[in-house]
Structures are given as C-alpha cells and as structure tokens.
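Here the protein sequences line up with chains E and X, keeping their order. Going by the working numbering, the first sequence runs without a break in its numbering and finishes at 390. Going by the working numbering, the second sequence runs without a break in its numbering and finishes at 390. Heads up, the beta-carbon is just placed ideally off N, CA and C, and yes, glycines get one too. What follows is a single structure, written as structure tokens, with notes after it.
Number of protein chains: 2
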Amino acid sequence: MSYSKLLEYSKRVAKEVDKFMLDEVLVGEPENLYQASTHLIRAGGKRLRPTLLILSSRIVGGNEEIAIPAAAAIEILHNFTLVHDDVMDMDEFRRSVPTVHKIWGIPVAIIAGDLLFSKAFEALLKLTDRNVSYDRIVKSAEILAKTASTIAEGQAMDMSFEERTDVTEEEYFKMIYKKTAALFEAATKIGAIIANAPENIVNALAEYGRKIGLAFQIQDDILGIVGEEKKVGKPIGSDIREGKKTLIVIYALKRATQSEREKLLDALGNRSISKEGISGIVELLEKLGAIDYAKEYAIKFSNEALGILDTISTEDAEAKEMLKELAEYVIKRIK
Amino acid sequence: MSYSKLLEYSKRVAKEVDKFMLDEVLVGEPENLYQASTHLIRAGGKRLRPTLLILSSRIVGGNEEIAIPAAAAIEILHNFTLVHDDVMDMDEFRRSVPTVHKIWGIPVAIIAGDLLFSKAFEALLKLTDRNVSYDRIVKSAEILAKTASTIAEGQAMDMSFEERTDVTEEEYFKMIYKKTAALFEAATKIGAIIANAPENIVNALAEYGRKIGLAFQIQDDILGIVGEEKKVGKPIGSDIREGKKTLIVIYALKRATQSEREKLLDALGNRSISKEGISGIVELLEKLGAIDYAKEYAIKFSNEALGILDTISTEDAEAKEMLKELAEYVIKRIK
C-alpha cells in the first residue's frame, strides 16, 4: 500500500494550518518570545495530528475549513510538549534544528512552551467564528484540557521509568498511551465532535486514534534505535543515553543473558557513551529480537486501527482511504 | 479602614475552593507528580484571586456556589505561574516552604506546572455542572486562555528587563499589567460573566480588577525590599539579587548620583551579594525616596479602584463592602 494521497493531502493541511497558526494565533510581543515559541513549528514537522483531526471531521461529513482552528490547537499543543520535553531530556536537536532552550536558554524555553499551551486553547476557541455550537466547543475544550493533563502524567511516568530497571510491558503501554496516543485520540474525537458525529462514531474514531498513536510511538522508539539520523532529525541512540524504557529495552532486558543484561544496564542512562558503544547496544538489541518484537506490536495496533475503520461507513470515500493510509504510514515511516 | 470582614470571608472561600481543587480537580497518578503540583497550594496562600472572583459574581447578583469552579481555575492558574517562575528565577523559598524544583528537581517542576495549567481549564469547564450557559463558559475559557498568554508575555518582559538598565516606567507598568494585573482583571471579568452581568458592568469590574492588580504588584515589590522575611515567606532582597526592574529601582536609578548609580548597578543581578550589601541598597532606596514614590502609585491605583466601585450599584452590600476592603488590603498588607 502506498500513502501518496495522504502525504499530498497533509501538505495541503500543513499550508492551511500553518497559516492559521502563524498569522492568526502565534502573534504578539515580545518578539523574542514569539520567535522562540514558533521556532519548532517553523522548522517543519509532518502535521500528522492536524491531518488526522481534519480527516476525522471529513469521514463523518464535516469539512476541512471548519476544522482548521481545532487542527491548529492540536498541533500547537503538540509543539508545547516538544519544547518542554527537550528541556527536561536535555535534547539538543529536533527536526534537524537546535532545540528552543539551546538557542534561547531554559527560562525562555519554559515560557515559550507555556505560551504555546495557552495559544492551543486560544486556537481551539476560535471555533466560535466557524459556526460550531457552543456545547460542542465546550466538549472539545474539555477533551483538550484532559488530554494535556494525561500527557503530563505520561511524561512524568516516562521520566520516572528512567530510574528503574523493572518496568513492565503493561506499565510501558499505559505510559505511551498517556504520553503519545492520548493526543491522537483527542484529534480524532474533537474532529468528529465538531462535525456533529453521533457518540458511537466518536468512540469508534477515538479507538482508531488510540491504536494509531500506540503504533506511532512504538515506531518512534524503533527509529530512535535503527533510524537514519538525517531523516529522524535528532541523534540516534538518545533514548539509550537517557535510559528510556522503551518496549525494545524492556523486552531485551527480559531476554538477555546475565552478561548481556549488564552491558545493557551499563549503557542505559550513560550520557557519555560513545557512538561505538551505541552501535554495540543496537546490535545486541537486534540479536535479542527486541526490535522485531516491537515492530510486531506496531503492526498489530495498525491492523486493529484498520479493522475499526472498516466498521465506519461514510460518504467521503477519499477521507476513509487516507485514514487507512495513515494507519499504514505510522508504522512504515522512516522519519 | 479595617478589612476583617474580607479576611474572614477569604478564609471561608479558601476552604471551599481548596476542597474543590484538592478533591475534585488535582487528583490522579503518578502520585509523585500530583504531590509536586499541589505542594504550593497545600502550603497556604491568601486565596485573594478566588475571593475576588466570587465577590465579583456576588456584586452582580450571582452566588458563591456557582462560581467555585471558576475561582479554583484562577487559583490553579496562579499556582502554575508560581511553580514555573520559581524555576526561572531560581528561587528557593515561597510561602515559607522550599519551592517545587528544590524538592522534586527542575524536570518534575516543569511538568507539575504544566499539569496545573491544564487542570485550571479542567476546573473552569466544570462550570457545566453548575448551570452556567455554554456561551458564557466559552467566553470565560477565552478570557482564561488569553490571560495565560498575557502572563507569559509579562514574564518574558520581566526577565528581559533584568539585562537592561534603561527600563522606563511605561514599560514597567505594561509589564506588571501583563504579569500580575491581567489575572486580577480576569478574575473580576469571569466572576461577572458567569453571573450574567451586562457588558458595561463586566467592563467596570474589569477596570477595578486591573487597578487592584497594579496596586498589588507595586506593594509586592515594596514588600520584597522592606518586608519582614518571615511574613513574606521568601528572602528579602531577591528582587535585587535577580536584577528585577521594579518601579522602586527605576525611580532610584533616575534620581541617583553617579556614585549611587554605580553602587546600585553593582548590586542589581549580583547573586552573591551579602545581607549587609542588601541592607545598604535598601537604605539607599529609602534615602532616594524610591519606596515612598512606589507607595504613592499603589495608593493612587487603590483609590481609582475604589472610585470605580462607587459607580456600581448592587443588592449585595456586603460583597461591595468587601471589594472596598480588598482595594485597601492590597496596599496595606504585610504579606
């Protein structure tokens, strides 16, 4: 399956959403702060979440134009999490550019993230200009707020796992649901709600979004180990350096011999590990079958998402087709 | 004028609002994150902003019960700004307890602040349980979001002023409007809006709130120089150490002789200045009349706020009386 239709459409969405974000929402003073806040947005990104939101509107009979403020809200919220994440993880590159705190310093990066957070709500509330009923706007704002809380909980779990070596798969799945999949879920739900979808369809799309989000995060973890640095836009191996407990690492720790386990534990969280050290760990993870294991899970979630889509009937066949492509894309992407 | 009625009422408000915040909003996992998020709230605080919001509802005929979720939202948003501020300013004490990042570290403090931010919106949106119409909830959410953006802008200005010695009074007033007074204004506006006040009354209360906020911040700057450390709950002189450009400092720099100016500039932003050094600067500021000058401005804003209140007629004389007391309290408080 190809996903050329999806990628082309997401470019169009990016154009519309970026214009809305940069011309109508992320405008103000001091200039310095707004430069810092828009830095990652201007650096590119796939705009997958806004595309997902708009397609979720379309599949239930809504239109692109009405959904733009909500799509922008989701993308801005996503960028807020990236700015603060990079501070917390001390990451220096993202989307092939230096991170916000590397350029403007930690205090400005914290405020820039905070500003994006409030701007996400400002963007969403511009739905009032697009004839969406107040009760559906309130419902959407509730989802956005709860999702932001869920993401914060996920980040805290992710960080606390860095200190532990006994994280279970169950804990991992709960964490990536919160950290990543909840926002995909929110995109599908809000997209459907503002297009007046009935509750059962909102719920089906929510589940589809959740599954794609889980697949997306597992693929992200895989790319963090075996991706091409130039494509991924950040250093390979940073998950190892930071001691992240990805599904790959959890599986490997379970399957490793005593000496392999020691080698792994030495590398995890070792911020001064060499490139060769990372290569050795990547080989070990491959040998233990940990990457294949994670890949199988990503495929499983992608298939489940496709299965859910099959149950939804629509008059917008193109939107449905692109949502199918999206379920494929999240596990086949190389960046 | 005494403000015993106000202080007694704010204790009752604190009880109701704290219960709502801690039992209905700030509940979740991981426990560590929720402990960090509620740390400053549990440490006390005057609950001035929620009290202001509820009184603004009451003066236009609304009631306390309905306003609780909005009052909680304002207080939670306020606490979010404190947590991130303390990280940015590297402050170690607030409300007489160690700051969040001193106990849990910077990454957890960042997430704890982020969580409070989303929880502020979650709290506000619980107005749906209290029979407030959806359009007024949306209006309130818009104010909350815009105010949060304004506060971020104010923080950025405040920080950038630390590097400068030529900050004007005009810039200072713009900055404290954004950093502090905007939230007081938001409290009065939201309080009035959810109680169905007509637009002209909402605007009058907004101006009252803005004036009180300005007076409050100037008094805060004064207490930062001549307050009692035990009452204020944080080290005296930290504004000097951080190089903050308060009205006091701006006025003093303008009035100082060349040698006094040099002494002042040496002290501003000097993080290792001694207690004696701070005492010398306080004496200099007093001698130059800078503290009296700031005090006059605080009194002026308080009087203007009282003048606005006079134009508002109400059936709730007690609420009006307490709002008068509040205008006095913000400039007479010693903590």
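Item: With DSSP as the reference, please indicate the residues paired to X/R149 in a beta bridge.; Value: X/V152
Item: Only counting the same chain, and skipping five residues up and downstream in sequence, which positions put a Cβ closer than 8 Å to that of E/G209?; Value: M230, I231, Y232, K233, K234, T235 and A237
Item: Measuring straight from C-alpha to C-alpha, what distance separates E/I123 and E/L180?; Value: 11 Å
Item: So, E/T154 versus E/E147, is the Cβ gap smaller than 8 Å?; Value: yes
Item: Buried or exposed: X/K289, going by 16 or more other Cβ atoms within 10 Å of its Cβ?; Value: buried
Item: By alpha-carbon positions, which one of E/E383, E/E370 and E/A382 ends up nearest to E/V115?; Value: E/E370
Item: Are the CB atoms of X/A127 and X/A178 within a distance shorter than 8 Å?; Value: yes
Item: Taking Cβ positions, are X/A396 and X/L361 nearer each other than 8 Å?; Value: Residue numbering for chain X in the displayed model covers 56 to 390; residue 396 of chain X lies beyond these limits and cannot be assessed.
Item: So within the region 197-238 of chain E, which uninterrupted alpha helix (DSSP H) runs reach at least 4 residues, ignoring any that extend past its ends?; Value: 224-231
Item: Between the region 179-193 of chain E and the region 205-223 of chain X, do three or more beta carbon pairs fall short of 8 Å?; Value: no
Item: Give me the Cα-Cα distance between E/E283 and E/L170, rounded to the nearest whole angstrom.; Value: 32 Å
Item: Could you work out which residues of chain X lie near E/A237, taking near to mean beta carbons separated by less than 7 Å?; Value: Those do not exist, as E/A237 stays about 12 Å from chain X at its closest Cβ, beyond 7 Å.
Item: Are E/L381 and E/L182 close, meaning C-beta to C-beta below 8 Å?; Value: no
Item: Can you grab the Cα-Cα spacing for the pair E/A247 / E/E225, in whole Å?; Value: 29 Å
Item: Within the 8 Å Cβ cut-off, does E/G335 reach chain X?; Value: no
Item: Using a cut-off of 8 Å between C-beta atoms, extract the partners of E/G83 located in chain X.; Value: S204 and E208
Item: Give the single residue among X/I386, X/I303 and X/H139 whose Cα lies nearest to the Cα of X/K355.; Value: X/I386
Item: For X/Q20, is the classification buried or exposed, using 16 other Cβ atoms within 10 angstroms of its Cβ as the cut-off for buried?; Value: Residue 20 of chain X lies beyond the residue range present for chain X, which begins at 56 and ends at 390; the question has no answer from this structure.
Item: For E/K342, count neighbouring C-beta atoms within 10 Å of its own C-beta (all shown protein chains included) and say buried if the count is 16 or more, exposed if not.; Value: exposed
Item: Residues of chain E with a CB under 8 Å from the CB of X/H139: which are they?; Value: I165, I166 and D169
Item: Taking 8 Å as the limit between beta carbons, can you name the residues of its chain near X/N87, skipping five residues before and five after?; Value: W159 and V163
Item: Cβ closer than 9 Å: which chain X residues qualify as neighbours of E/M143?; Value: I161, P162, V163, I165 and I166
Item: For E/I328 and E/V138, I'd like the C-alpha separation in whole angstroms.; Value: 25 Å
Item: Near E/Y227, what residues of its chain come up, given a Cβ to Cβ distance below 7 Å and the 5 sequence neighbours on each side ignored?; Value: K300, L302 and I305
Item: Is E/E254 near the ligand SAM - that is, is its Cβ less than 7 Å away from at least one heavy atom of it?; Value: The ligand content of the structure shown is nil, which means the ligand SAM is not present either.
Item: For E/V193, which residues in chain X fall below 7 Å Cβ to Cβ?; Value: L180, T183, Y189, I192 and V193
Item: Would you check if there are 3 or more beta carbon pairs closer than 8 Å linking the region 93-110 of chain E to the region 70-82 of chain E?; Value: yes
Item: X/R104 to X/A175, Cα distance in whole Å?; Value: 13 Å
Item: Go through its chain and collect everything with a Cβ distance to E/N251's Cβ below 6 Å, but skip five positions before and after it.; Value: none
Item: Taking E/I245 as the reference, which of E/V281, E/E197, E/D275 and E/E218 has the closest Cα?; Value: E/E197
Item: Starting from E/S215, find everything on chain X with Cβ-Cβ shorter than 8 Å and list it in chain order.; Value: P85 and N87
Item: Answer with yes or no whether the minimum CB distance from X/S173 to chain E is below 8 Å.; Value: yes
Item: Can you pull out the residues from the region 224-258 of chain E whose beta carbon lies closer than 9 Å to at least one beta carbon of chain X?; Value: none
Item: At 9 Å on the CB atoms, spell out the chain E contacts of X/F356, in chain order.; Value: Chain E residues near X/F356: none, gap ~23 Å exceeds 9 Å.
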